[in-house]
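Enquirer: Per the numbering used here, the very first residue in the sequence shown carries number 3; after that it's consecutive.
Each residue gets a CB set at the ideal place from its N, CA and C atoms; glycine is no exception.
This structure is in structure tokens; I'll ask about it shortly.
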Amino acid sequence: MMMIRKFFKNLSFTRSDIGLIALVALYVLIGYIIAFRYEALGFYNPVMYVRTGIDFTKVLLMGYLVFWGLWTFYVMIFVRPAKLKDYLWQDLQRNALNLQRYKQAIPVFLAFIVMLSTFTSLKTMIPYVHHFSWDIPLADLDALLHGGKDPWRWLHPVLGYPYITQAINVVYNFWLLALYLVLYAQLLRLKDPQTRMQFFYTMVLCWAINGSFLAMIFSSGGPCFFDEITGLDRFQPLMDYLQSVGSEDHQIWALINQDNLWQEYSEKAHGIGAGISAMPSIHVATALIFMLVGLRSNRFWKIASILFFITIMLGSVHLGWHYAIDGYVAILTTLPLWFFSGWLIKKLSRI
């Protein structure tokens, strides 16, 4: 108990930590004002992901124990140090038992959980603040930018095969797990603190500005909900294709998620994972942030992050989640936020 008390007593907050917490606090305050203004306080819960964060941390801890067990066998068989016990103990001290990792992680982790909760709360309010009214203009602009043709039709001759669609579907659904894995990797990262905090600042700014405020202005559901929102069947051929793939033992999880989201919207449900929003694409924006971090890493992560970003961009259109322009706007808004965050962190470190 004394060790735990001492650990929390020695928690240190850098200027960058304080700045990030201040940004999240401002986001929470603005979210509350919006919820109050539109009589939607029942939708507002800025701590809804606390339990999810704790549960995922437990899962990650169990995963690490399995990994460490496998690592021990690897060291025993291939490394064969003269003093195995000392070698493993030193490795633990550098990694799992390095308290500095947890001291720097806890404040940012709590701020990020509150940010995610606020984001989802505001996302569920979007149609009540500004009902879906941008789907037709966005679809028309999308076609105009792509030679008078909806972008999915350009992609379909290349991607419109069941196994390719299923592969894209798997990667697209991996996005959520990737979010948590990258989040925890950055939370516990000791090397390159500039990139670490640049990641968190960009995520908070991007999810707040793109995912909440721009999403409310350009309120839209996306191609998968185009029929329900507008009464027009413009994207029905795409949805029919996805349904046909799903009926041929190639389960398309995107369709299940889309059905669940629409049901929650119809029932005015709110909670974890709820809410419909197309413009701008948070999936694309987040994958771009992953890539920007990956480009500062080794060759493997550079290539992996680039391929992941490209797949998410293509999948957002091919799976009916987004208009292509949702991704373009996400890119055009996220890049300045990335560079601004880097500049701001450098400024804070000099104060």
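1. Please report the straight-line C-alpha distance between alanine 2 and phenylalanine 45, rounded to a whole angstrom.
2. Closest by CA to glycine 223, which one among His324, Val247, Ala332?
3. May I ask which residues mark the beginning and end of the alpha helix (DSSP H) holding proline 153?
4. Return the CA-CA distance between phenylalanine 220 and arginine 155, expressed in angstroms with no decimal places.
5. Does DSSP put isoleucine 278 in a helix, in a strand, or in coil?
6. By how many angstroms is the C-alpha of leucine 350 removed from the C-alpha of glycine 277?
7. Pairing CB atoms from the region 319-339 with CB atoms from the region 280-287, are three or more of them under 8 Å?
8. Any chance the region 107-126 sits against the region 188-207, with 3 or more Cβ pairs inside 8 Å?
9. Where do the ends of the alpha helix (DSSP H) carrying tryptophan 177 lie?
10. Report the three-state DSSP secondary structure of glycine 150 (helix, strand or coil).
11. For methionine 241, which residues of its own chain have a beta-carbon under 7 Å away from its beta-carbon, when the five flanking residues on both sides are left out?
12. Rank Val286, Tyr165, Asp144 by C-alpha distance to the C-alpha of asparagine 212 and give the top, closest one.
13. Classify lysine 270 as buried or exposed, calling it buried when 16 or more other Cβ atoms lie within 10 Å of its own Cβ.
14. Taking 9 Å as the cut-off, decide whether the C-beta atoms of threonine 120 and tyrosine 29 are in contact.
15. Does DSSP put glutamate 41 in a helix, in a strand, or in coil?
16. For aspartate 354, is the classification buried or exposed, using 16 other Cβ atoms within 10 angstroms of its Cβ as the cut-off for buried?
17. Hey, could you find the ends of the alpha helix (DSSP H) methionine 241 is sitting in?
18. Taking only three categories from DSSP, how would you classify proline 225?
19. Between the alpha carbons of isoleucine 327 and isoleucine 32, how many angstroms are there, rounded?
20. With C-beta atoms as the reference, is tyrosine 165 less than 9 Å away from tyrosine 40?
21. Below 8 Å, can you find three or more Cβ-Cβ pairs linking the region 97-104 to the region 189-197?
22. Can you tell me which of Lys87, Pro109, Ile79, Gln260 puts its alpha carbon nearest to the alpha carbon of alanine 27?
23. Less than 7 Å between C-beta atoms, sequence neighbours within five positions excluded: which residues of the same chain meet that for isoleucine 138?
24. Would you check if the distance between the CB atom of isoleucine 1 and the CB atom of methionine 199 is smaller than 9 Å?
25. Does alanine 365 come out as helix, strand or coil in the three-state DSSP assignment?
26. Straight-line CA distance for alanine 24 to proline 239?
Expert: The answer reads as follows:
1. Outside the shown range of the chain, which is 3 to 353, sits residue 2, and nothing can be said about it.
2. Measuring from the Cα of glycine 223, the nearest candidate turns out to be His324.
3. 153-161 is the span of the alpha helix (DSSP H), which, as asked, contains proline 153.
4. Between phenylalanine 220 and arginine 155, the C-alpha separation is close to 24 Å.
5. In the structure shown, isoleucine 278 sits in coil (DSSP, three-state: anything other than H, G, I, E or B).
6. Taking C-alpha positions only, glycine 277 is separated from leucine 350 by approximately 35 Å.
7. Between the region 319-339 and the region 280-287, the count of C-beta pairs closer than 8 Å reaches three or more; the two stretches touch.
8. By the criterion of at least three beta-carbon pairs nearer than 8 Å, the region 107-126 is in contact with the region 188-207.
9. Per DSSP, tryptophan 177 belongs to the alpha helix (DSSP H) from 164-189.
10. Glycine 150 falls in the coil class under three-state DSSP.
11. Taking methionine 241 as the centre and dropping the five residues before and after it, the same chain places the C-beta of Cys226, Gly322 closer than 7 Å to its C-beta, in chain order.
12. Nearest to asparagine 212 by alpha-carbon distance, out of Val286, Tyr165, Asp144, is Val286.
13. Label assigned to lysine 270: exposed.
14. When the beta-carbon positions are compared, threonine 120 and tyrosine 29 come within less than 9 Å of each other.
15. In the structure shown, glutamate 41 sits in coil (DSSP, three-state: anything other than H, G, I, E or B).
16. This structure does not reach residue 354, given that the chain is present from 3 up to 353, and the question cannot be answered.
17. Counting along the chain, the alpha helix (DSSP H) containing methionine 241 begins and ends at 238-248.
18. In the three-state DSSP reduction, proline 225 falls in the helix class (H, G or I).
19. Isoleucine 327 and isoleucine 32 have their C-alpha atoms roughly 27 Å apart.
20. No, the pair does not count as a contact, with Cβ atoms beyond the cut-off.
21. A contact exists between the region 97-104 and the region 189-197.
22. The candidate whose alpha carbon is nearest that of alanine 27 is Pro109.
23. Non-local C-beta neighbours of isoleucine 138 in its own chain, meaning closer than 7 Å and more than five positions away in sequence, comprise Thr232, ordered along the chain.
24. This structure cannot speak to residue 1, because the chain is shown only from 3 to 353.
25. Residue 365 lies beyond the range of the chain shown here (3 to 353); nothing can be said about it.
26. Within the model, the alpha-carbon separation for alanine 24 versus proline 239 is close to 47 Å.
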